[in-house]
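Engineer: Pasting in a structure now, in structure tokens, and then I'll have a few things to ask.
In the working numbering, the protein residues as written are -2 to 248.
As structure tokens, then:
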């Protein structure tokens, strides 16, 4: 039975509905809310959550099986598989400030070109999907929810708009490390969630969206490069601010 108010990321005119379900599950795997060995939500649960039919859910499950992300056990359900190790890129984990900043350098290299290609190749339907992902970030913030998952979906939507699944795969493999605040302590996250900083990040997201939507590759590359470079500086500031608070607490 379809949900009465499907999530903002679900826009029926944009992606195929099977793509929406695939992206939803891949996003949950990337953010580690579904881990290797975990059972996927039932078909009925996915139908209700995403407002799609059973046929759509089954098509999405088949695609995820083909990608080696899940396996289905007859009569039991579908389960998340461990990441492949044969041809995966060892991107590692980001557990220290140095690691997180290094990961952002990698993202600048990947996502700058990703934004440029998306601007060249994006369809009208994908523009709507990217707009919906952007709206979901702001809706989460307005309702006091952590917007990390929506933020990840925004960047994955840009990758999908390139038409190159390798970009999607690379960003999905980064998972939680793609959104640095998920790897930081509460003091640092509190600094990053300050209203003025959040508004700045939202403006940067809008600049990326606007450049891609008007199909301006160079502007899209510049907007993405600026966003990620600014993110590095915000993280440095958050780390320093948390350090000052810790020092004050011990004096």
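Even glycine gets a Cβ: it sits at the ideal position worked out from N, Cα and C. All values reported here derive from a predicted model rather than from experimental measurement.
DSSP on residue 102, reduced to helix/strand/coil?
Structural biologist: Here residue 102 refers to the residue found at position 105 of the chain shown. Residue 102: helix per DSSP, three-state reduction.
Engineer: Assign residue 13 to one of three DSSP states: helix, strand, or coil.
Structural biologist: In the chain shown, the residue the question calls residue 13 occupies position 16. Correct three-state label for residue 13: coil.
Engineer: Taking the DSSP output, what are the residues bridged to residue 74?
Structural biologist: Here residue 74 refers to the residue found at position 77 when the chain shown is read from its first residue. Paired residue(s): 70.
Engineer: If you reduce the DSSP assignment to three classes, tell me which class residue 36 lands in.
Structural biologist: The residue given as residue 36 occupies position 39 in the chain shown. Three-state DSSP puts residue 36 in a strand.
Engineer: Using DSSP with H/G/I as helix, E/B as strand and the rest coil, what is residue 234?
Structural biologist: Counting from 1 along the chain shown, the entry for residue 234 is found at position 237. DSSP places residue 234 in helix when its eight states are reduced to three.
Engineer: Would you mind working out which of 209, 146, 55, 203 sits nearest residue 115, comparing C-alpha positions?
Structural biologist: Sequence index remark: in the chain shown, residue 115 carries index 118 (1-based). Of 209, 146, 55, 203, the residue nearest in Cα terms is 209.
Engineer: Grab me the residues of residue 158's own chain with a C-beta within less than 6 Å of its C-beta, minus the 5 sequence neighbours each way, in chain order.
Structural biologist: Translated into positions along the chain shown, residue 158 becomes position 161. Closer than 6 Å at the Cβ level, and outside the excluded window around residue 158, lie 115, 119, 123.
Engineer: Going along the chain, which residues of its own chain have a beta-carbon closer than 8 Å to the beta-carbon of residue 134, five neighbours each way excluded?
Structural biologist: On the chain shown, residue 134 is found 137 positions in, with the first residue counted as 1. Excluding sequence neighbours, residue 134 sits near 144, 147, 148, 151, 199, 202.
Engineer: Locate the alpha helix (DSSP H) running through residue 199, then write down its first and last residues.
Structural biologist: Translated into positions along the chain shown, residue 199 becomes position 202. Segment 192 to 210, the alpha helix (DSSP H) holding residue 199.
Engineer: Just to confirm, is the Cβ distance from residue 109 to residue 194 under 9 Å?
Structural biologist: As a working note, residue 109 is residue 112 in the chain shown. As a working note, residue 194 is residue 197 in the chain shown. Going by C-beta atoms, residue 109 is not nearer than 9 Å to residue 194.
Engineer: Please list the terminal residues of the continuous alpha helix (DSSP H) segment that includes residue 148.
Structural biologist: Indexing the chain shown from 1 puts residue 148 at position 151. Where residue 148 is concerned, the enclosing alpha helix (DSSP H) stretches over 145 to 158.
Engineer: Please classify residue 38: is it buried, with 16 or more other beta-carbons within 10 angstroms of its beta-carbon, or exposed?
Structural biologist: Against the chain shown, residue 38 aligns to sequence position 41. So residue 38 ends up on the buried side.
Engineer: What is the DSSP secondary structure of residue 28, counted as helix, strand or coil?
Structural biologist: Locating residue 28 in the chain shown gives position 31, where the first residue counts as 1. Reduced to three states, the DSSP call for residue 28 is coil.
Engineer: Between which two residues does the alpha helix (DSSP H) holding residue 53 run?
Structural biologist: Within the chain shown, the letter at position 56 stands for residue 53. That run of the alpha helix (DSSP H) goes 51 to 63.
Engineer: State the DSSP-derived secondary structure class of residue 227, mapped to helix, strand or coil.
Structural biologist: Here the question's residue 227 lines up with position 230 in the chain shown. Three-state DSSP puts residue 227 in a helix.
Engineer: Output the distance between the C-alpha atoms of residue 162 and residue 154, rounded to the nearest integer angstrom.
Structural biologist: Locating residue 162 in the chain shown gives position 165, where the first residue counts as 1. Locating residue 154 in the chain shown gives position 157, where the first residue counts as 1. Whole-angstrom Cα-Cα distance: 11 Å.
Engineer: Quick one: Cα of residue 58 to Cα of residue 26, how far?
Structural biologist: Translated into positions along the chain shown, residue 58 becomes position 61. Translated into positions along the chain shown, residue 26 becomes position 29. For residue 58 and residue 26, the distance between alpha carbons rounds to 14 Å.
Engineer: On a Cα-Cα basis, can you pick out the residue from 117, 18, 140 that is closest to residue 52?
Structural biologist: Translated into the one-based positions of the chain shown, residue 52 becomes position 55. Nearest of 117, 18, 140 to residue 52, Cα basis: 18.
Engineer: Who are the Cβ neighbours of residue 117 in its own chain at under 6 Å, not counting the five residues just before and after it?
Structural biologist: For the purposes of this step, residue 117 is identified with residue 120 of the chain shown, where counting begins at 1. So the list reads 214, once near-sequence residues are dropped.
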